[in-house]
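Q: Mind looking over this structure? Questions follow.
There are 2 protein chains.
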Amino acid sequence: MRQVSYQKIRDEVLARIHAHVWQAGDLIPSEADLAAEFGCARATVNRALRELAETGLIERRRKAGTRVSKNPVRKATLDIPLVRREVEGRGQRYRHRLLLKGDQPAPDHVSARMSLPARQDLLHLKTLHLADDLPYMFEDRWINRAAAAGIENAPLEALSANEWLVQNIPISGGDITFLAAPASAEEAGALNIETGAALFVIERITWRMGAAVTVTRLCYPPGYRMTTRI
Amino acid sequence: MRQVSYQKIRDEVLARIHAHVWQAGDLIPSEADLAAEFGCARATVNRALRELAETGLIERRRKAGTRVSKNPVRKATLDIPLVRREVEGRGQRYRHRLLLKGDQPAPDHVSARMSLPARQDLLHLKTLHLADDLPYMFEDRWINRAAAAGIENAPLEALSANEWLVQNIPISGGDITFLAAPASAEEAGALNIETGAALFVIERITWRMGAAVTVTRLCYPPGYRMTTRI
DNA sequence: CAGTGGTCTAGACCACAAG
DNA sequence: TTGTGGTCTAGACCACTGG
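In the order they appear, the protein sequences are chains R and S. FYI, the numbering for the first sequence is 320 to 549, going by the numbering used here. FYI, the numbering for the second sequence is 320 to 549, going by the numbering used here.
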């Protein structure tokens, strides 16, 4: 291949930063200059630098040029898979048990987060997810029926709400929060651990066309680790 | 602007998926077809679809075409800022206190993770990070001097190791793990909380040109929340 | 084999912002 | 004002892989 690939340019720029040829805070040559140096089109350089900018390693501004970030904000990408896939990916058998299913007036902290009127009736689900028949994760979920058309016919005993929603209600966005919390009596009972044990908790709210679809609290027992590579 | 932007195409494709025009698992038209429909160049369609593929919403394969993902693996991007910026971003004053600094033989779990000989001497640091003079996070760090040239002259009392490394040792990659753990006596003492309280813990190892630079354990007291938007 | 995405080019116009 | 990145185009060749 006689053409210069954007990956080669990206790696070369990376190497120069690693080798301190271009130091933190330095201005690096313009796209046009780099294109000339590498003997390629400017678009190719652009793509290479754009990718590096997305990782936060360099910062680009029109007219001001491209600089090596002084305090790079590392961006880590987390995969948020289905619980079922997460378990099966560990080579274990997945099952889930629906512990509660019913319409209930939403508590204030839920309706507030969903921007819904207080005490409106929402579908409330509590699910225990199992790996090889051992408790894997306890889920407490509220669903806004108005934003989840078709949920009334979903076979939630066979297919977890998690899975049904992912396949049927494409979401436009959401917030995810990670925290540690002591296990409540209910959580401890479901997961078969001691009350007060340190749980890894993921709280999630998802939106579809401006309306809140569901809020979820996922509780993982001690020993759970969420890992990513940067 | 009479030109069609890649963002417009991306949003239109997104809208069609949301509206179930193209359902999960469906094949969508080829780049050439979409370019004809939108009256733009194929490269423009390519960029729009490439961005959507990066989010996991669609899957692309040569010859097979582009499909709406059946089980989209949501990708969340987390910003990993400097502790100082994290604190200052909350409008609080940042300080840190170096509790321990010295060379010690690395314990096995550290040397194993860093792929170094057992009991090799590494620089060991314990740091308490403060926000408005209250404990914010406790950090336990081991540094491989061989991969961190210049660290011997770093003024670690004034500039946290976190910050010095980010500015001086560009890393090529790393692993980050998030978990919940009960506070040890030492951690509890430093953070001024009760032993056994649920800590949010981030464990990180970073590499530079194939050599481990540093392993870190960051302990956040109860109440800490790490949030991201997808 | 042939259709699809992946990438590169050469050129162009434009938006933005530093000076 | 003017240099820099942001984007689009029309065309081309190629890599991969399904049929």
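Ideal placement from N, C-alpha and C gives every residue a C-beta, glycine not left out.
Pick helix, strand or coil for R/Tyr543, following the three-state DSSP scheme.
A: Walking along the first sequence from the start, residue 543 of chain R turns up at place 224. Here R/Tyr543 sits in coil by DSSP.
Q: Measure from the C-beta of R/Ser349 to each C-beta in chain S and report whether the shortest distance is under 8 Å.
A: Taking the first residue of the first sequence as position 1, residue 349 of chain R is located at position 30. No, no contact with chain S.
Q: With a threshold of 6 Å on Cβ separation, who are the neighbours of S/Asp451 within its own chain once the five nearest residues in sequence on each side are excluded?
A: One-based indexing of the second sequence puts residue 451 of chain S at position 132. Taken in chain order, the residues that qualify are Gln411, Arg412.
Q: With R/His415 as the anchor, note down where its beta strand (DSSP E) starts and where it stops.
A: By one-based count along the first sequence, residue 415 of chain R stands at place 96. Here the beta strand (DSSP E) through R/His415 covers 413-424.
Q: Using 8 Å as the Cβ pair cut-off and three pairs as the minimum, do the stretch 387-396 of chain S and the stretch 348-357 of chain S touch?
A: Output reads no: the stretch 348-357 of chain S does not touch the stretch 387-396 of chain S.
Q: Based on the DSSP output, what are the partners of S/Ala450 in its beta bridges?
A: Reading the second sequence from its first residue, position 131 is the one you call residue 450 of chain S. DSSP, once it has assigned bridges, lists S/Tyr413, S/Leu453 as partnering S/Ala450.
Q: Looking at C-alpha atoms only, which residue of S/Ser324, S/Glu331, S/His337, S/Tyr325 is the closest neighbour of R/Ile488?
A: In the first sequence, the residue the question calls residue 488 of chain R occupies position 169. Of the candidates S/Ser324, S/Glu331, S/His337, S/Tyr325, the one whose C-alpha sits nearest the C-alpha of R/Ile488 is S/His337.
Q: How would you call R/Ala516, buried or exposed, if buried means at least 16 neighbouring beta carbons within 10 angstroms?
A: Within the first sequence, residue 516 of chain R is the residue found at index 197, counting from 1. Buried, because 16 or more other Cβ atoms sit within 10 Å of the Cβ of R/Ala516.
Q: Per the DSSP calculation, S/Gly492 is bridged to which residue(s)?
A: Within the second sequence, numbered from 1, the residue matching residue 492 of chain S stands at position 173. S/Gly492 pairs with S/Trp526.
Q: Starting from the beta carbon of R/His443, find every residue of chain S whose beta carbon is closer than 9 Å, and list them in chain order.
A: Your numbering for residue 443 of chain R matches position 124 in the first sequence. What R/His443 touches in chain S: nothing, since even the nearest Cβ is about 23 Å away.
Q: Using the rule of at least 16 other Cβ atoms within 10 Å of the residue's Cβ for burial, across every protein chain shown, is S/His339 buried or exposed?
A: What you label residue 339 of chain S is simply residue 20 of the second sequence in a count that begins at 1. It is exposed - the Cβ of S/His339 has fewer than 16 other Cβ atoms within 10 Å.
Q: Using 10 angstroms around the beta-carbon of S/Ser388, count the other beta-carbons present and answer buried if the total reaches 16, otherwise exposed.
A: Numbered from 1 along the second sequence, position 69 holds the residue referred to as residue 388 of chain S. With 16 or more Cβ atoms within 10 Å of its Cβ, S/Ser388 is classed as buried.
Q: Among R/Asn481, R/Asp398, R/Arg361, whose alpha-carbon lies nearest the alpha-carbon of R/Leu417?
A: Position 98 of the first sequence, counted from the start, is the residue given in the question as residue 417 of chain R. Among R/Asn481, R/Asp398, R/Arg361, the Cα nearest to that of R/Leu417 belongs to R/Asn481.
Q: On the criterion of 16 or more Cβ atoms from any shown chain inside 10 Å, does S/Thr546 qualify as buried, or is it exposed?
A: For the purposes of this step, residue 546 of chain S is taken as residue 227 along the second sequence, with counting starting at 1. Exposed is the call here.
Q: Could you give the residue range of the alpha helix (DSSP H) that holds R/Gly508?
A: To locate residue 508 of chain R, count along the first sequence from 1; it is residue 189. Its alpha helix (DSSP H) spans residues 504-510.
Q: Which residues in the same chain have their Cβ closer than 6 Å to the Cβ of R/Gly492, if we skip the five residues on either side of it in sequence?
A: Within the first sequence, residue 492 of chain R is the residue found at index 173, counting from 1. Closer than 6 Å at the Cβ level, and outside the excluded window around R/Gly492, lie Trp526.
Q: From the DSSP output, read off the bridge partner residues of R/Leu353.
A: As a first step, residue 353 of chain R must be located in the first sequence, where it is residue number 34. Beta-bridge pairing links R/Leu353 to no other residue.
Q: So, does the CB of S/Leu484 fall closer than 8 Å to a CB anywhere in chain R?
A: What you label residue 484 of chain S is simply residue 165 of the second sequence in a count that begins at 1. No, because no Cβ of chain R sits closer than 8 Å to the Cβ of S/Leu484.
Q: Let me confirm a value: S/His428 is counted as buried when at least 16 other C-beta atoms fall within 10 Å, else exposed. Which label applies?
A: The sequence position of residue 428 of chain S within the second sequence is 109, counting from 1. S/His428 comes out exposed.
Q: So, at 6 Å on beta carbons, what are the nonlocal neighbours of R/Tyr539 in its own chain, with the 5 sequence-adjacent residues on each side left out?
A: One-based indexing of the first sequence puts residue 539 of chain R at position 220. Answer for R/Tyr539: Met456, Phe519, listed in chain order.
Q: If we define contact as Cβ-Cβ less than 8 Å, is R/Arg541 a contact residue for chain S?
A: Within the first sequence, the letter at position 222 stands for residue 541 of chain R. It is Pro, not Arg, that sits at residue 541 of chain R in the sequence shown. So yes, R/Pro541 belongs to the interface.
Q: Strictly below 7 Å CB to CB, what residues from chain S border R/Ile336?
A: Position 17 of the first sequence holds residue 336 of chain R. Those within 7 Å of R/Ile336 in chain S are Pro489.
Q: Quick one, are the C-beta atoms of R/Pro348 and S/Ala499 less than 8 Å apart?
A: As a working note, residue 348 of chain R is residue 29 in the first sequence. As a working note, residue 499 of chain S is residue 180 in the second sequence. No. Outside cutoff.
Q: Is there a C-beta anywhere in chain R that falls below 8 Å from the one on S/Phe457?
A: Here residue 457 of chain S refers to the residue found at position 138 when the second sequence is read from its first residue. S/Phe457 does not count as touching chain R.
Q: In the DSSP assignment, the beta strand (DSSP E) including S/Leu397 goes from what residue to what residue?
A: As a first step, residue 397 of chain S must be located in the second sequence, where it is residue number 78. Taken as a continuous stretch (DSSP letters only), the beta strand (DSSP E) holding S/Leu397 covers 393-399.
Q: Can you give me, in chain order, the residues of the stretch 394-409 of chain S that have a beta carbon less than 8 Å from any beta carbon in chain R?
A: Answer set for the stretch 394-409 of chain S: Lys394, Ala395, Thr396, Leu397, Asp398, Ile399, Pro400, Leu401, Arg404.
Q: Please list, in chain order, the chain S residues whose beta carbon lies closer than 7 Å to that of R/Met433.
A: Within the first sequence, the letter at position 114 stands for residue 433 of chain R. Per Cβ cutoff of 7 Å: no residues; R/Met433 is ~16 Å from chain S at best.
Q: I'd like to know if S/Lys327 contacts chain R, where contact means its C-beta is closer than 8 Å to some C-beta of that chain.
A: Along the second sequence, one-based indexing puts residue 327 of chain S at 8. Judged by the 8 Å Cβ criterion, S/Lys327 is not in contact with chain R.
Q: Quick one: does S/Lys389 have its CB under 8 Å from some CB of chain R?
A: As a first step, residue 389 of chain S is located in the second sequence; it is residue number 70 there, counting from the start. Chain R, which has a Cβ nearer than 8 Å to the Cβ of S/Lys389, makes this yes.
Q: Among the residues of its own chain, which have a CB less than 6 Å from the CB of S/Pro501, if the five just before and after it don't count?
A: By one-based count along the second sequence, residue 501 of chain S stands at place 182. Around S/Pro501: Gly515.
Q: In three-state DSSP terms, what is R/Thr385?
A: Along the first sequence, one-based indexing puts residue 385 of chain R at 66. It is a strand residue.
Q: Nearest CA to the CA of S/Ala465: which residue from S/Gly375, S/Gln439, S/Arg548, S/Thr363?
A: Looking up residue 465 of chain S in the second sequence gives position 146. Here the closest residue by C-alpha is S/Gln439.
Q: Tell me where the beta strand (DSSP E) around R/Glu373 begins and ends.
A: Residue 373 of chain R sits at position 54 when you count from the first residue of the first sequence. First-last for R/Glu373: 361-374, but that is the alpha helix (DSSP H), not the beta strand (DSSP E).
Q: Kindly list the residues whose CB is nearer than 8 Å to the CB of S/Gln322, restricted to its own chain and excluding five residues on each side of it in sequence; keep chain order.
A: In the second sequence, counting from the first residue as 1, residue 322 of chain S sits at position 3. Result list for S/Gln322: Cys359, in chain order.
Q: For a cutoff of 8 Å on Cβ pairs, would you count R/Thr533 as touching chain S?
A: As a working note, residue 533 of chain R is residue 214 in the first sequence. No, its Cβ sits nowhere closer than 8 Å to a Cβ of chain S.
Q: Tell whether a beta-carbon distance below 8 Å holds between S/His415 and S/Leu442.
A: By 1-based counting over the second sequence, the position of residue 415 of chain S is 96. By 1-based counting over the second sequence, the position of residue 442 of chain S is 123. No, they are not a contact pair.
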